[in-house]
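Numbered by this note's numbering, the letters in the sequence shown go through residues 26 to 226 in order. In this text, a Cβ means the ideal position worked out from N, Cα and C, and glycines have one as well. Please read these numbers as outputs of a predicted model, since none were measured by experiment. Note sheet for the following structure.
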Amino acid sequence: MQDNYHLTAQEIAELVRKYQSEVRKLEYQILKTQETIDDLQGRLGSSKIESVAPTITVIEPEAQKKRRGRPRKNMAEETTVSSPMPDQAVASASPKRSIPKKKTGYRLSDWDKFIIENLEHAQHVLINSQLMDMAKQRVDDENMGLSDVQLRGKLNRSIHKLSNKRGELVKVDYPGKGFAYGLSEWADAKGEVKQKYRKDI
């Protein structure tokens, strides 16, 4: 690590800008990596459902073949004795078909709710640094013991999920300040945040 004790004010400012740029690059990499993970998990979940479905449909043809193989002389007995069987089969199969599939949506975490609640309270878009300041205050108030890196990771994951997976946030570009985020209900027909929810940041 280089000696920073004999640097001029200008050199220190340049280093700060350099490290801030590196942090932004890392945040972008975190978002892209999380997006890839979410996509792979979604594919894994759908492939499991597809692999289970065919095993249910193979059973019925086998049962029908066994019934066809019985002697003709027992057909009368078969109609009287085994006539309830189709009803039983339907009754036993119907609960399996009526079981609802697991939801593939993304549940709201505490930090997801935190972002939404602060936007509802502010009633205007918030940039990353504002959300980070609010989150730091929450960490201090509740003694969570999270570092800035851990906290930023949680916020980035929540913003990514709310924006790209659940569609509950819309993004606004603020040149020189990064992106600001607002609730999707604040957007117009073109998907742009209405002017009354924008703010000079």
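Item                                                                                                                                                                      : Value
Judging by CA-CA distance, which residue of 132, 39 and 58 is the nearest neighbour of residue 178?                                                                       : 58
With contact counted as at least three CB pairs below 8 Å, one residue from each stretch, are the stretch 208-221 and the stretch 154-167 in contact?                     : no
Looking at residue 156: is its Cβ nearer than 8 Å to the Cβ of residue 140?                                                                                               : yes
Note down the Cα distance separating residue 202 from residue 151, rounded to an integer number of angstroms.                                                             : 11 Å
So, for residue 180: in the same chain, excluding its five sequence neighbours on each side, which residues have a beta-carbon less than 7 Å away from its beta-carbon?   : 136, 156, 157 and 160
With DSSP as the reference, identify every bridge partner of residue 152, one or two as the case may be.                                                                  : 205
Within a Cβ cutoff of 7 Å, which residues of the same chain sit near residue 134, ignoring the five residues on either side of it in sequence?                            : 183
From the DSSP output, in three-state form, read off residue 57 for me.                                                                                                    : helix
For residue 212, which of helix, strand or coil comes out of DSSP?                                                                                                        : strand
If you draw a straight line from the C-alpha of residue 35 to the C-alpha of residue 153, how long is it?                                                                 : 26 Å
Spatial neighbours of residue 197 within its chain, please: CB distance less than 6 Å, with the 5 preceding and 5 following residues excluded, ordered by chain position. : 150, 205 and 218
Classify residue 32: buried if its beta carbon has 16 or more other beta carbons within 10 angstroms, exposed otherwise.                                                  : exposed
Within 10 angstroms of the Cβ of residue 43, are there 16 or more other Cβ atoms? Answer buried if so, exposed if not.                                                    : exposed
Could you say which of 147, 174, 132 and 144 lies nearest to residue 49 if we only look at CA atoms?                                                                      : 174
Roughly how many whole angstroms lie between the Cα atoms of residue 210 and residue 37?                                                                                  : 43 Å
Nearest by alpha-carbon distance to residue 212: which of 46, 40, 195 and 143 is it?                                                                                      : 195
From what residue to what residue does the alpha helix (DSSP H) around residue 174 run?                                                                                   : 173-185
Output the distance between the C-alpha atoms of residue 221 and residue 69, rounded to the nearest integer angstrom.                                                     : 42 Å
Whole angstroms is fine: what's the gap from residue 147's alpha carbon to residue 170's?                                                                                 : 26 Å
According to DSSP, is residue 194 part of a helix, a strand, or is it coil?                                                                                               : strand
Could you check which residue in 144, 61 and 200 has the C-alpha nearest to that of residue 190?                                                                          : 61
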